[in-house]
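Since the structure comes first, as structure tokens, the remarks are kept for the end.
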Amino acid sequence: MPLVTFSSPLHKDKTVYAIAGSHTKTLLELAKENHIPIDFSCQEGDCSTCLIKVTNLSRKGPMGGPLTDREITVLKDLKKITQDEIDAMKVDDLPHTSWRLACQMIVRDEDILVEYPSK
Ligand code: FES
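Just so we're on the same page, our numbering is the position in the sequence shown counted from 1, plus 1.
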């Protein structure tokens with residue numbers, strides 16, 4: 002069962018178990034279930050309010066789950082992903098950036114650290 006640790010400068014770190022295998026739950030849904038105060042607005046991958054930084058704790062390298070088209074558009078606008086990283090992702094199907102949108106990222110079977118700003 003994957004462990005997801007949420008970390009913010011304004012809140013105590015909290016580690017929760019994510020249910021592995023469903024591959025449908027987003028990080029934002031997991032955060033809301035566990036009362037983690039990640040900021041969000043549209044929940045559609047358009048506004049970037051839920052921008053987070055994700056580090057894979059299971060192994061070195063990018064975490065599983067490619068970016069959605071909406072994430073690519075938003076992260077590119079924010080200059081959080083380069084065209085080279087987008088091209089590399091299309092080859093190996095792995096995200097080549099730590100930046101994600103919590104409302105778009107699906108929780109996979111791996112331990113991750115999620116850094117989020119919060120009010
Ligand atoms: S809440 Fe708007 S992009 Fe995630």
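Glycine included, each C-beta is placed from N, C-alpha and C at the ideal position.
Review point. From residue 30 to residue 95, what distance separates their C-alpha atoms?
Key: In the sequence shown, residue 30 corresponds to position 29, counting from 1. In the sequence shown, residue 95 corresponds to position 94, counting from 1. Taking C-alpha positions only, residue 30 is separated from residue 95 by approximately 22 Å.
Review point. Any Cβ of chain D within less than 8 Å of the Cβ of residue 72?
Key: Among the chains of the structure shown, chain D does not appear; only one protein chain is present.
Check your understanding: Between residue 7 and residue 115, which are expected to be in contact by the criterion C-beta below 8 Å, what is the C-beta distance as a whole number of angstroms?
Key -> Position 6 of the sequence shown holds residue 7. Position 114 of the sequence shown holds residue 115. At roughly 5 Å, the Cβ-Cβ gap stays under 8 Å, so residue 7 and residue 115 are in contact.
Check your understanding: Unbroken beta strand (DSSP E) runs of length 3 or more, entirely within the stretch 12 to 43: which are they?
Key -> Counting whole runs of 3 or more residues, the stretch 12 to 43 contains the beta strand (DSSP E) stretches 12 to 18.
Review point. Among residues of its own chain, excluding the 5 on either side of residue 51, which ones have a beta-carbon nearer than 7 Å to its beta-carbon?
Key: In the sequence shown, counting from the first residue as 1, residue 51 sits at position 50. Cβ within range, chain order: 29, 39, 40, 41, 102, 103 and 104.
Practice item. Following the continuous beta strand (DSSP E) through residue 114, name the residue where it begins and the one where it ends. Key: On the sequence shown, residue 114 is found 113 positions in, with the first residue counted as 1. Per DSSP, residue 114 belongs to the beta strand (DSSP E) from 113 to 116.
Exercise for review: Ignore the nearest five residues each way along the sequence and tell me which others in residue 25's own chain have a CB closer than 8 Å to its CB.
Suggested key: Mapped onto the sequence shown, residue 25 falls at position 24. Taken in chain order, the residues that qualify are 107.
Practice item. Using the Cα positions of residue 1 and residue 97, report the straight-line distance between them to the nearest angstrom. Key: Since the first and last residues shown for the chain are 2 and 120, residue 1 lies out of range.
Practice item. Return yes when at least one heavy atom of the ligand FES lies under 7 Å from the C-beta of residue 8, else no. Key: On the sequence shown, residue 8 is found 7 positions in, with the first residue counted as 1. It does not: the Cβ of residue 8 is nowhere closer than 7 Å to a heavy atom of the ligand FES.
Check your understanding: Of the choices 91, 83 and 111, whose alpha-carbon is the least far from that of residue 100?
Key -> By 1-based counting over the sequence shown, the position of residue 100 is 99. For residue 100, the nearest C-alpha among the options comes from 83.
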